[in-house]
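Q:
2 protein chains.
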Amino acid sequence: MSEKRTEISALGEFGLIDHLNEKIVIRHSSTLKGIGDDAAVIDSGEHVKVVTTDLLLEGVHFDLSYAPLTHVGFKAVAVNVSDVAAMNAIPKQITVSIALSNRFSVEAVDALYAGINAAAEHYSVDVIGGDTTASRSGLVISVTAIGEAKKEQIVYRSGAKVNDIICVTGDLGGALVGLQVLEREKQVFLSNPDMKPELEKYQIVTARQLRPEARMDIIHELRELEVIPTSMMDISDGLASELFHICKASNVGVTIYEDKLPIDKQTFDTAVELGLDPITCVLNGGEDYELLFTIDQKDFHKLEKHPDIHFIGHVSKEEDGKYLVTKSGTAAQLKAQGWKHF
Amino acid sequence: MSEKRTEISALGEFGLIDHLNEKIVIRHSSTLKGIGDDAAVIDSGEHVKVVTTDLLLEGVHFDLSYAPLTHVGFKAVAVNVSDVAAMNAIPKQITVSIALSNRFSVEAVDALYAGINAAAEHYSVDVIGGDTTASRSGLVISVTAIGEAKKEQIVYRSGAKVNDIICVTGDLGGALVGLQVLEREKQVFLSNPDMKPELEKYQIVTARQLRPEARMDIIHELRELEVIPTSMMDISDGLASELFHICKASNVGVTIYEDKLPIDKQTFDTAVELGLDPITCVLNGGEDYELLFTIDQKDFHKLEKHPDIHFIGHVSKEEDGKYLVTKSGTAAQLKAQGWKHF
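For the record, the sequence lines run as chains A and B.
Note that the UniProt record's numbering has the first sequence beginning at 1, numbered continuously upward.
Note that the UniProt record's numbering has the second sequence beginning at 1, numbered continuously upward.
1) If we call anything under 9 Å between Cβ atoms a contact, is B/Asn284 one with B/Gln337?
2) Give the range of the beta strand (DSSP E) segment to which A/Glu148 is assigned.
3) Does any residue of chain B bring its CB to less than 9 Å from the CB of A/Leu261?
4) Looking at the unbroken beta strand (DSSP E) that takes in B/Lys33, where does it start and where does it end?
5) Is the CB of A/Thr31 under 9 Å away from at least one CB in chain B?
6) Considering Cα atoms alone, identify which of A/Gly130, A/Asn102, A/Ser101 and A/Leu100 is closest to A/Ile94.
7) Going along chain B, which residues have a C-beta under 8 Å from A/Ala40?
8) Where does A/Ala86 fall in DSSP's three states?
9) Any Cβ of chain B within less than 9 Å of the Cβ of A/Arg157?
10) How many angstroms separate the CA atom of A/Asn251 from the CA atom of B/Glu107?
11) Run through the DSSP bridge pairs and tell me what B/Pro68 is partnered with.
12) Please confirm whether A/Ala134 has its beta-carbon closer than 9 Å to some beta-carbon of chain B.
13) Here's the rule: buried if 16 or more other CB atoms are within 10 angstroms of the residue's CB, otherwise exposed. What is A/Lys49?
14) Under 9 Å between the Cβ atoms of A/His314 and A/Val254?
15) Output the boundary residues of the beta strand (DSSP E) element that contains A/Tyr257.
16) Under a three-way DSSP split, which group does A/Ile154 fall into?
17) For a contact meaning CB atoms closer than 7 Å, what does B/His314 contact in chain A?
18) Going by beta carbon distance, what residues of the same chain come within less than 7 Å of A/Lys298, once the five residues before and after it are set aside?
19) Ordered along the chain, which non-local residues of its own chain (more than five positions away) have a Cβ less than 7 Å from that of B/Leu32?
20) Starting from B/Thr169, follow its DSSP beta bridges and name the residues at the other end.
21) Looking at B/Gln153: is its Cβ nearer than 9 Å to the Cβ of B/Ile204?
22) With a CB to CB cut of under 6 Å and the five nearest residues on each side skipped, what residues in its chain are close to A/Asp194?
23) Report the three-state DSSP secondary structure of residue 344 of chain A (helix, strand or coil).
24) At the level of alpha carbons, what is the spacing between A/Ser97 and A/His301?
25) Alpha carbon to alpha carbon, what distance is there between A/Lys196 and B/Asn37?
26) Is B/Thr270 helix, strand or coil when you go by DSSP?
27) Provide the residue span of the beta strand (DSSP E) that contains A/Val50, from first to last.
28) Applying a beta-carbon distance threshold of less than 7 Å, which residues of chain A neighbour B/Arg27?
29) Along chain A, which residues have their Cβ under 8 Å away from the Cβ of B/Ala99?
30) Are any of the Cβ atoms in chain A nearer than 9 Å to that of B/Tyr66?
31) How big is the Cα-Cα spacing for A/Asn21 and B/Ala120?
32) Where does B/Ile246 sit, in a helix, a strand or coil, going by DSSP?
33) Classify B/Val25 as buried or exposed, calling it buried when 16 or more other Cβ atoms lie within 10 Å of its own Cβ.
34) Apply the 10 Å Cβ neighbour rule to B/His341 and answer buried if 16 or more other Cβ atoms are within range, or exposed otherwise.
35) With 9 Å set as the bound, which would you pick, yes or no: does the beta-carbon of A/Phe342 sit closer than that to a beta-carbon of chain B?
36) Can you name the residues of chain A whose CB is closer than 8 Å to the CB of B/Ile235?
Below is the structure:
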């Protein structure tokens with residue numbers, strides 16, 4: 001065949017997604033928000049529904065040589081709940097589809113579903129449907145989550161305004177560092193199966209990778225404190241990458257401060273041990289599933305004392321660019337790397 | 001490890017699904033119907049939302065050696081629209097997730113999306129989200145469809161009543177016969193690549209397999225005629241298997257008549273040519289995506305003259321069993337085989 005062949009790598013993951021999205025046509029006025037945020041938003045009378053979906057493949061998104069199936073199930077739900085949280089909505093229902101080969105036993109499937117059901121209970125969501133089918137190769141999990149909020153509560157990526165304060169929850173970089181530890185121990189084990197993986201001193205970071213938490217606690221607290229962020233995302237691809245998304249959607253710039261970035265001690269120490277720059281892990285490590293949001297300055301006093309919300313910088317004009325102010329006081333241009341699967 | 005290992009094949013596909021569903025807990029009153037019908041139903045004010053999802057894997061659900069990617073994309077949407085139709089609802093939004101390896105070019109992905117977008121236009125649904133990711137092996141497509149209806153319009157599998165008339169749309173067995181033709185021509189091609197597949201005389205049946213239509217036309221017509229079926233399903237696993245589902249959900253029996261079963265001439269002739277019993281194809285052939293529904297006798301006159309709705313039998317008491325009356329007048333017990341992927 002003489003047909004043109006363009007490699008996907010020529011566009012990259014985000015390039016491919018943009019390329020495909022260009023052709024999408026929206027026909028229904030009830031589709032308030034289609035592609036382009038953490039979740040889609042559908043009008044539904046007094047409330048709106050938010051819808052988000054994730055497709056997880058063995059060997060790409062998880063490695064069963066170190067990820068217990070129960071954790072894989074929990075995480076598959078949590079990452080979707082996190083996207084609902086990022087819209088400032090409350091998750092209500094999920095569908096779960098799985099494809100698996102006969103390599104998996106009923107007991108293995110039960111372990112997977114134990115995690116799915118534990119997450120459903122933890123986040124109070126109903127498993128309302130799904131599809132169970134055969135796979136010729138690895139395990140495939142597809143979860144769709146549906147959440148609910150009042151229309152005026154929904155927070156998009158596009159609402160950040162100049163002088164807003166940039167907030168992140170929890171600490172960052174742990175999931176990436178945890179992944180590096182797990183990969184290292186896997187290689188050690190593969191080269192010498194008698195070696196037992198030493199994971200005890202890495203419990204925090206490996207848990208961040210294997211069993212992340214969606215920050216629904218923060219969403220409920222923001223409601224109690226009557227704070228509606230001006231923009232919000234969850235941090236799945238890395239802080240820098242997510243800041244770029246908010247800047248693009250909101251037509252703003254950002255300045256963040258290295259000494260304000262939250263990093264856990266075990267994450268820091270392990271990053272150093274692995275020869276990684278801790279700040280790079282914080283900026284570009286994915287899968288932390290913490291929340292990144294911006295608030296109006298008038299709301300600052302309501303969150304000021306919150307032990308798990310960190311104020312890392314402020315929103316600036318678009319033409320002022322995107323900067324990281326280092327501990328030495330130098331302003332360095334932020335770079336978004338994100339995660340590349342292709 | 002001395003852990004117990006139960007093979008999935010010991011439970012079978014439906015057994016595994018039942019086993020997993022036993023542990024599902026429903027927490028929200030807005031979840032009107034969870035697992036167990038063509039789609040889930042969520043309360044949403046005046047209207048309800050129906051939600052359905054399908055996971056399709058290359059090598060299991062489609063074979064790219066004869067299925068053009070455009071058709072694969074169209075079909076992935078159509079099968080979900082068909083599930084929404086089977087609830088007597090109107091599809092409004094879909095999410096589409098794909099996983100693909102670098103074996104696929106941008107042009108190939110474009111062909112897939114051309115089919116997805118053509119189906120979105122054809123069925124008037126908005127593509128509102130999704131996930132695009134890498135795969136280590138074949139193409140994976142996960143579609144979730146969301147539809148809408150008034151609560152009183154929703155038709156479950158569970159509403160069939162004794163003496164209701166059993167209806168099917170279109171004709172049956174074509175998709176299975178089409179699959180057999182495509183598989184035969186593939187084997188011919190594999191054993192001699194110089195042979196060109198002879199598919200012209202099989203256009204109807206191969207189209208039934210490669211590019212099925214969801215019967216939204218019937219759903220709209222039923223509304224115009226003010227007929228609300230008492231129960232409804234789409235025929236994805238085969239007529240006999242779907243009748244078993246309705247009997248189980250409605251606590252009824254059925255009697256259907258061989259001479260009333262709709263079969264297209266090309267399907268009949270090709271089945272005979274392939275050495276298959278045409279009636280077996282009609283009863284157990286999957287993927288036709290026609291509608292199976294029951295109506296109250298009072299509604300019969302409204303549909304009597306419809307050229308594409310066939311009246312194949314009636315609902316009986318549960319204790320009367322499930323029977324097929326053959327052309328010779330013998331009543332034979334119906335067997336549900338369905339499709340087995342495991």
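Using N, Cα and C, we set each Cβ at its ideal position, and we do this for glycine too.
A: Well, looking at it:
1) For this step, residue 284 of chain B is matched to residue 284 along the second sequence. For this step, residue 337 of chain B is matched to residue 337 along the second sequence. Against a cut-off of 9 Å, the Cβ pair of B/Gln337 and B/Asn284 comes out as a contact.
2) One-based indexing of the first sequence puts residue 148 of chain A at position 148. Where A/Glu148 is concerned, the enclosing beta strand (DSSP E) stretches over Val140 to Lys150.
3) Start at 1 with the first residue of the first sequence, and residue 261 of chain A comes out as number 261. It does not; no Cβ of chain B falls within 9 Å.
4) Residue numbering aside, residue 33 of chain B sits at position 33 when the second sequence is read from its first letter. Here the beta strand (DSSP E) through B/Lys33 covers Thr31 to Lys33.
5) Position 31 of the first sequence, counted from the start, is the residue given in the question as residue 31 of chain A. Yes, contact with chain B.
6) As a position in the first sequence, residue 94 of chain A is number 94, starting the count at 1. Among A/Gly130, A/Asn102, A/Ser101 and A/Leu100, the Cα nearest to that of A/Ile94 belongs to A/Gly130.
7) The residue labelled residue 40 of chain A in the question sits at position 40 within the first sequence. Per Cβ cutoff of 8 Å: Gln93, Thr95, Ile128 and Gly129.
8) On the first sequence, position 86 is the one that residue 86 of chain A refers to. Coil.
9) On the first sequence, residue 157 of chain A is found 157 positions in, with the first residue counted as 1. Not an interface residue.
10) Numbered from its first residue, the first sequence carries residue 251 of chain A at position 251. Numbered from its first residue, the second sequence carries residue 107 of chain B at position 107. Distance between the alpha carbons of A/Asn251 and B/Glu107: 32 Å.
11) Along the second sequence, one-based indexing puts residue 68 of chain B at 68. Note: B/Pro68 sits in no beta bridge, so no partner.
12) Sequence index remark: in the first sequence, residue 134 of chain A carries index 134 (1-based). Yes, A/Ala134 lies at the interface with chain B (some Cβ there is under 9 Å from its Cβ).
13) Reading the first sequence from its first residue, position 49 is the one you call residue 49 of chain A. That one is buried.
14) Here the question's residue 314 of chain A lines up with position 314 in the first sequence. Here the question's residue 254 of chain A lines up with position 254 in the first sequence. In this structure, A/Val254 lies closer than 9 Å to A/His314 by Cβ.
15) Counting from 1 along the first sequence, the entry for residue 257 of chain A is found at position 257. Segment Val252 to Tyr257, the beta strand (DSSP E) holding A/Tyr257.
16) Locating residue 154 of chain A in the first sequence gives position 154, counting from the first residue. In the structure shown, A/Ile154 sits in coil (DSSP, three-state: anything other than H, G, I, E or B).
17) Taking the second sequence and counting its residues from 1, the one referred to as residue 314 of chain B is at position 314. Near B/His314 there are no residues of chain A at all, since even the closest Cβ is about 30 Å away, more than 7 Å.
18) For the purposes of this step, residue 298 of chain A is identified with residue 298 of the first sequence, where counting begins at 1. Within the same chain, A/Lys298 has no close Cβ partners at all.
19) Here the question's residue 32 of chain B lines up with position 32 in the second sequence. Cβ within range, chain order: Val41, Ile42, Asp43 and Val48.
20) One-based indexing of the second sequence puts residue 169 of chain B at position 169. Looking at the DSSP assignment, B/Thr169 forms a beta bridge with B/Ile309.
21) Counting from 1 along the second sequence, the entry for residue 153 of chain B is found at position 153. Counting from 1 along the second sequence, the entry for residue 204 of chain B is found at position 204. The answer is no: Cβ separation not under 9 Å.
22) For the purposes of this step, residue 194 of chain A is taken as residue 194 along the first sequence, with counting starting at 1. Excluding positions up to five away in sequence, the list is empty.
23) There is simply no residue 344 of chain A to check, as chain A begins at 1 and stops at 342 in what is shown.
24) Here the question's residue 97 of chain A lines up with position 97 in the first sequence. Here the question's residue 301 of chain A lines up with position 301 in the first sequence. In a straight line, the C-alpha of A/Ser97 is about 44 Å away from that of A/His301.
25) Taking the first residue of the second sequence as position 1, residue 37 of chain B is located at position 37. Taking the first residue of the first sequence as position 1, residue 196 of chain A is located at position 196. First, the residue type needs correcting, since residue 37 of chain B is Asp and not Asn in the sequence shown. For B/Asp37 and A/Lys196, the distance between alpha carbons rounds to 47 Å.
26) Position 270 of the second sequence, counted from the start, is the residue given in the question as residue 270 of chain B. Three-state result, B/Thr270: helix.
27) The count along the first sequence starts at 1 and reaches residue 50 of chain A at position 50. First-last of the beta strand (DSSP E) with A/Val50: His47 to Leu57.
28) Against the second sequence, residue 27 of chain B aligns to sequence position 27. Within 7 Å Cβ-Cβ: Ser124 and Asp126.
29) Locating residue 99 of chain B in the second sequence gives position 99, where the first residue counts as 1. Those are Leu55, Leu57, Val60 and Val140, listed as they occur along chain A.
30) In the second sequence, counting from the first residue as 1, residue 66 of chain B sits at position 66. Taking Cβ atoms only, chain A never reaches closer than 9 Å to B/Tyr66, which makes this a no.
31) As a working note, residue 21 of chain A is residue 21 in the first sequence. As a working note, residue 120 of chain B is residue 120 in the second sequence. Distance between the alpha carbons of A/Asn21 and B/Ala120: 13 Å.
32) Taking the first residue of the second sequence as 1, we reach residue 246 of chain B at position 246. Reduced to three states, the DSSP call for B/Ile246 is helix.
33) The residue you call residue 25 of chain B lines up with position 25 of the second sequence. Its Cβ having fewer than 16 others within 10 Å, B/Val25 is exposed.
34) As a working mapping, residue 341 of chain B is identified with position 341 in the second sequence. Because the pLDDT of B/His341 is 44, which lies under 50, any placement of that residue in the model is unreliable, and the question is left without a value.
35) Counted from its first residue, the first sequence places residue 342 of chain A at position 342. In this prediction, A/Phe342 scores a pLDDT of 42, lower than 50, which makes its location untrustworthy; the coordinate-derived value is nonetheless stated afterwards. It does; some Cβ of chain B falls within 9 Å.
36) Position 235 of the second sequence, counted from the start, is the residue given in the question as residue 235 of chain B. Within 8 Å Cβ-Cβ: nothing; B/Ile235 doesn't reach chain A, min ~17 Å.
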